[in-house]
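So the structure is just underneath, and the comments pick up after that.
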Amino acid sequence: ACDVCGSIGTGTPKHEESRSAVHIRKMSVFPRISLKPEVTDFLRGVFLNNEVLAAGGHQEAECRFQKLLTCLSHPPSYTCVRVSTHLAPVEEIRHKLEEELKKQMCGSSAEEVSFQILPHPRIPDVLLLPVDGPRPVKQLSSEVVVGAQCGSAVLRGAHVFVPGILASPKYMKAGDVVSVFSDLEGKCTRGATSFQGKKAFVGNGVAEIDRSSIFCADEPAKGIGVRMVEPLYRSPSFDGVLPSLVFLQNLPSVVVGHVLGPRPGERILDMCAAPGGKTCHIAALQGDQGEVVALDRIHNKIDRIRQNAQMLHLHSVKAYCFNSTQAVSSDPAQGAEGPPFPPESFDRVLLDAPCSGLGQRPIMASVWSLKEICSYQPLQRKLFHTAVQLLKKGGVLVYSTCTVTLAENEEQVAWALRTFPCLTLRFSLRSLTSALKACREPACHLSSCASSRGSVPS
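Here the working numbering is used: the first residue of the sequence shown is 550, the next is one more, and so on.
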């Protein structure tokens, strides 16, 4: 999808046609996402299937597949911020955010404080901040190597925290200027003084801590290990910035809430809710007037959901530590306050299912095997069964993932439509057209027939 206009599909957005080649050359700073060969072959088979080849030919299909692999290893062109429209108007929040970010950058050069905060052209509760990058940053001789997850966070504007550091110069002291590299294949040994394996440069920073405190301390160190001063991609830090009014959230995740289309007074279930970004968005879209039940099977993740709801001043969120595959009660006398629930307990259900995660950006490397990539489909189908039973007649179920495989997206929706005759794939022009044009989130929207139970989205 186009980061600017949100256009999706096989064609290039019109405003991009003249600069498409330039954009691709500029974007390709990193190698394509590093995957096991068996996984790459599997994905190639998915994206070069017979239907695609018949529509555009092998060369075009292969080109698009390679572009996808390149896109996945690079950060989005915009930082997406969801604003708390249940607390204040968008323009008021935009003005406050602008003032806060100016304060943050008051010690920086004039070039660095020049940033934009743009309203999204189609999604009313989203602000976009263009990412500055890739920037011309010179690599230094002193190198710090971090894990791939840490490296991805740096590309989104984070500093390097101590637990993410794998290797550093032998005599590194606080105050040293270092170049930061991301270990692409997970082969760097923790505590090493150098690393010659496959790695990607993500920027320069200043060490906040001595090497001895990182690797030789009696207790694991915490906090910032390297403060990024010249990142390859520059985005402002949102740490502590207007915590009740702005919430960092990927654009596809925001789209899911709008596709679900919650209304005030409804009872809504978020089946796999942690860390609670979508849960809180649903509550905000209701104006905090209704009930949003959030389930997750890990206790400390439930605490995170509650913290986010409290931070955003949302009182309609009820979070429970519970396995969603067992959320349907077999006892007709079971109360409906907490799980398990009687059938047909919810007006809308969000199934943001556990998945292989291959659609998250940036992700420069994945060490998962093909077996691991393909292991989520059975669990997703178990959750589907629960979702359909808990949905009221005429309700709406949205199924979403953050991956790109057909097996976890389109094939799951086709299976659901075959398995549950009560489900109808529904396209609402109001909720879907603008949202799905904004980004290509694998999300499906179905609704149940009036005479039977269940509704599923994809």
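Glycine included, every Cβ here is placed at the ideal spot set by N, Cα and C.
The alpha carbon of residue 972 has as its nearest neighbour, out of 957, 801, 945, 697, the alpha carbon of 945. By the criterion of a C-beta distance shorter than 7 Å, residue 794 is surrounded in its chain by 632, 633, 636, 637, 642, 645, once the five residues flanking it on both sides are discounted.
For residue 755, the enclosing beta strand (DSSP E) stretches over residues 748–756. For residue 780, the uninterrupted beta strand (DSSP E) segment begins and ends at 773–780.
DSSP places residue 919 outside any beta strand (DSSP E); the residue lies instead in the alpha helix (DSSP H), whose first and last residues are 919–922. Judged by their CB atoms, residue 913 and residue 706 are not nearer to each other than the 8 Å cut-off. Counting the other CB atoms within 10 Å of its CB gives residue 752 a total of 16 or more, which places it among the buried residues.
The beta-carbon separation of residue 865 and residue 837, rounded to 5 Å, stays under the 8 Å limit for a contact. In this structure, the beta-carbon distance from residue 680 to residue 624 falls below 8 Å. Secondary structure note for residue 819: its beta strand (DSSP E) is the uninterrupted segment 816–819. Partner residues in the beta bridge of residue 714, as assigned by DSSP, are 695.
Taking the Cβ atoms as the reference, residue 584 lies roughly 31 Å from residue 786, outside the contact range of under 8 Å. From the listed residues 835, 842, 652, the smallest Cα separation to residue 887 is found for 842. For residue 797, the enclosing beta strand (DSSP E) covers residues 795–797. The Cβ atoms of residue 715 and residue 684 lie no closer than 8 Å to each other. Counting only the Cα atoms, residue 720 lies some 43 Å from residue 953. Taken in chain order, the complete beta strand (DSSP E) segments of 3 or more residues contained in the region 613–658 are 627–632. Boundaries cannot be given for residue 743, as no alpha helix (DSSP H) includes it and DSSP labels it neither H nor E.
Ranked by Cα distance from residue 825, the first of 811, 974, 608, 857 is 857. By the neighbour-count criterion, in which 16 or more other beta carbons inside 10 Å mark a residue as buried, residue 621 falls on the buried side. Residue environment for residue 970: exposed (fewer than 16 other C-beta atoms within 10 angstroms of its C-beta). In its chain, beyond the 5 residues on either side, 683 have a beta carbon closer than 6 Å to the beta carbon of residue 578. Cβ-Cβ distances below 7 Å link residue 758 to 711, 723, 770, 774 in the same chain, with the five nearest sequence neighbours on each side left out; the list follows chain order. It is roughly 6 Å from the alpha-carbon of residue 798 to the alpha-carbon of residue 629. When the beta-carbon positions are compared, residue 697 and residue 754 stay at least 8 Å from each other.
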